[in-house]
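Student: Okay, handing you the structure first.
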Amino acid sequence: MRLLLIEDDPTLGEGLRDFLRADGHRVDWCDSLAATDALRGEPYDALLVDWQLPDGSGLDWLRARRARGDPTPALMLTARDRLGDRITGLDAGADDYLVKPFAPEELSARLRAVSRRSGAGAAQARSRFGDVEVDLSACTAIAGGVRVELTAREWALLEALVLRSGRIVLKADLERLVLGFDSEVASNALEVHVSALRRKLGHELIETVRGRGYRISERASS
Amino acid sequence: MTVGKIPSIRLRLANALLLWAVLWGAGVAVAVGYAAQGEVDELLDESLQSTAAVLASALRSAYRDASPGWVAAPLPVSDDGEFAWQLVAADGAVVQRSANAPEQALHTVATAGFSSSPAWRVFGAAMGSEGRMLYVAHTLRERIDSRAEAALSAAFAALSIGLLAHWWLRARVRHELLPLERLSDKLAHHDPLDRGQALGAAERAELAPVHAAIDQLGQRLARRVAHERAFSSHAAHALRTPLAGMEAQLAVALRECTPEVQLRLQRVREASRRLQRVVQSLLDLFRVGADVQRSVVDLKALLAHLPIEGLAVAVQTQGALRADPDLLAAALANLLDNAKRYGARQVVVSEPSPGTVRVVDDGPGATPERLQGLREAIAAQDYDGHTGLGLMLADLVARSHGGSLSFPAVAQGFAVELTLGAQGTDTV
């Protein structure tokens, strides 16, 4: 998943970023609300937001996004543990609420749970598309009963499409979800990864929607 | 001091008023009786003198018509046993007397004017030139009776006025103390932390300083609570965030390190988590007693969020509790952590009665002496050196709910019981 982490504490922010990256996620870490301005419009699978930030309230920032109609799943990461705070956080648009200190493993599990619950056509932890089985929590893909080894980018691409199964994912969004801000990648990098995935998991899994983007094939989904 | 032994302003004033009324009545009675005595004497003497004048006139007329050597028989002049008169010759012989007058002359030697004998008050008046004397008298007993009657009437009147005044003043005192009772009622429901709830203006000038003092006390308390809440909030943020950072960094390091280092890092992580629980307990201590927010708590769901590694928790409960979920979770988390640290592997959490949560572990338990020591320390809230942070927090949580912490005897292991007060139960 591509994640936006807003956390001002460098020890925690860096630790979470590295832990989640090691889990296979693409993480953009901002240490203030102002730093998120540069990422406005970027597509994310989930937002991890601290409540108390040096330049404002993460809760208000999230509330504003919700007011603009942004449905991206969001987790509040905060030191506020009171019942009233948790209710306020969830009412403001957070999909989950995690009180510091927490185990990063629990954050990962909650991220998966939130992504499963979110939006129409939400993916299950384990989904089957024809003879391809994808386990998002275990980060594994099995084709024809055989486990398939995927690179990090290939997995990111598969995960982005599975999380949005049933929907067309625009090519530009997919590039940002999978490749992030890596300026070193070639202009046709996405197509290369799509080809690799088709080669490993079968050509029917990913359908090209000409001029727009890609989606998990309806035939594979049925 | 119990309420029954505290002196009552109303009772003390009532007693003082009663004493004052009795003393006032007695004082007035003595004063009036003393004044009446003189007046009664004067009045009776005047009546003797007037009677003597009338009698003398009547007797002169009677003797003018009498033949020489005439001796008059006693005349039934008066049927009043207290009044008498005598006509006494110059030689001291009684010439004539009223029926109740003594046979002997009241005075054998002519005595004009007022005089007293042991039994009579006498007024003497000369009758003609032969030396005859007219003595008009009434008994001293009659005089004393008259004085006593006047004094008793005065005392009765004074006492009646005094008691009437006492009854009226007592009613006034009760009425004047009503604002104090209303102030007490207001204070019983007064929450100085609620800005919308004012004590209001004083009903009496004497109560204005009390209102002002209470308002100032409330403001100081509100400032202190606000300060503590702010501190608690800042402390929570300042403590929790670095702990979360340590947890995240350790999680990453555990993934990246060699197997040799992994064991050491795992120990550091366990220590970090123990530190997290201590910090959490300390932060919870700040909250206890500040504001208990009861809601329906599903004990099973609550315990599901309190996993303690290596400890199996069985829940035996049917209903739901009404308690502050955060505080109850803090108390239970500490009790479970205690059980783990003292060697328990399994804990049973049950509700032996509505509003009561019992935690029983299968650990080695405590000696009877240790249990007794714990009971005494908890009863006296003497935690320092006698209980750990966990039991202290659990006791404060129980007390904040209007309940208590106890240690029921069990055949095996250690048992702690949290009673959450009268509002501890609810139906769902």
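For the protein sequence lines, the chains are E and A, in the order given.
Numbers 893 to 1114, taken from my numbering, label the letters of the first sequence in order.
Numbers 359 to 786, taken from my numbering, label the letters of the second sequence in order.
Heads up, the beta-carbon is just placed ideally off N, CA and C, and yes, glycines get one too.
Treat the numbers as computed from the prediction; the structure is a model and nothing was measured.
#1: I'd like to know whether the C-beta of E605(A) is nearer than 7 angstroms to at least one C-beta of chain E.
#2: Between T903(E) and chain A, is the shortest Cβ-Cβ distance under 7 angstroms, so that the two count as touching?
#3: Take V386(A) and list the residues in its own chain whose beta-carbon comes closer than 6 angstroms to its own, dropping the five residues that flank it on each side.
#4: So what's Q770(A) in DSSP terms, helix, strand or just coil?
#5: By a C-beta neighbour count over all protein chains shown, 10 Å radius and 16 as the cutoff for buried, is Q638(A) buried or exposed?
#6: Roughly how many angstroms separate the alpha carbons of S419(A) and M491(A), rounded to a whole number?
#7: Should T675(A) and T714(A) be called a contact, given that it needs their Cβ atoms to be closer than 7 angstroms?
#8: Which residues of chain A have a Cβ atom closer than 7 angstroms to the Cβ of P993(E), listed in chain order?
#9: Give the range of the beta strand (DSSP E) segment to which M968(E) is assigned.
#10: With DSSP run on the structure shown, which of helix, strand or coil describes L498(A)?
#11: So, for P537(A): in the same chain, excluding its five sequence neighbours on each side, which residues have a beta-carbon less than 7 angstroms away from its beta-carbon?
#12: Please compile the residues from chain A whose C-beta is within a distance smaller than 8 angstroms of the C-beta of P996(E).
#13: Measure the Cβ-Cβ separation of G731(A) and N696(A) and say whether it is below 7 angstroms.
#14: So is H592(A) in contact with chain E if we call contact Cβ pairs under 7 angstroms?
#15: G1022(E) by DSSP, collapsed to three states: which one?
#16: Would you identify the three-state DSSP class for A448(A), choosing helix, strand or coil?
#17: Measuring CB to CB, does Y700(A) end up less than 7 angstroms from G721(A)?
#18: In the DSSP assignment, find the alpha helix (DSSP H) that holds L895(E) and state where it starts and stops.
#19: Just reading off the beta strand (DSSP E) that S708(A) is part of, what are its end residues?
#20: Tell me whether A559(A), by its Cβ, gets closer than 6 angstroms to a heavy atom of the ligand ATP.
#21: Tell me where the beta strand (DSSP E) around L990(E) begins and ends.
#22: In terms of DSSP beta bridges, what is Q944(E) paired with?
#23: Quick one: using the 10 Å Cβ neighbour count with 16 as the cut-off for buried, is N692(A) buried or exposed?
#24: Once DSSP output is grouped into helix, strand and coil, what is the label at E934(E)?
#25: Alpha carbons only, please: which of H759(A), F772(A), L381(A) is nearest the one belonging to P726(A)?
#26: Candidates A484(A), S415(A), S408(A), A451(A): which alpha carbon is nearest A463(A)'s?
Tutor: With the given structure in hand:
#1: yes
#2: yes
#3: A516
#4: Coil.
#5: buried
#6: 15 angstroms
#7: no
#8: R598, L601, A602, E605, Q634
#9: 966-970
#10: helix
#11: E561, R562, L565
#12: E605, A606, A609, V610
#13: The beta carbons of G731(A) and N696(A) sit no closer together than 7 angstroms.
#14: Chain E, which has no Cβ nearer than 7 angstroms to the Cβ of H592(A), makes this no.
#15: coil
#16: coil
#17: Cβ distance < 7 angstroms, so Y700(A) and G721(A) count as in contact.
#18: Where L895(E) is concerned, there is no enclosing alpha helix (DSSP H), although the beta strand (DSSP E) it sits in stretches over 894-898.
#19: 704-708
#20: No copy of the ligand ATP appears in this structure; indeed no ligand is present at all.
#21: Annotation: the continuous beta strand (DSSP E) that includes L990(E) extends over 988-991.
#22: DSSP lists S949(E) as the bridge partner or partners of Q944(E).
#23: With 16 or more other Cβ atoms inside 10 Å of its own Cβ, N692(A) counts as buried.
#24: coil
#25: F772(A)
#26: Ranked by Cα distance from A463(A), the options A484(A), S415(A), S408(A), A451(A) are led by A451(A).
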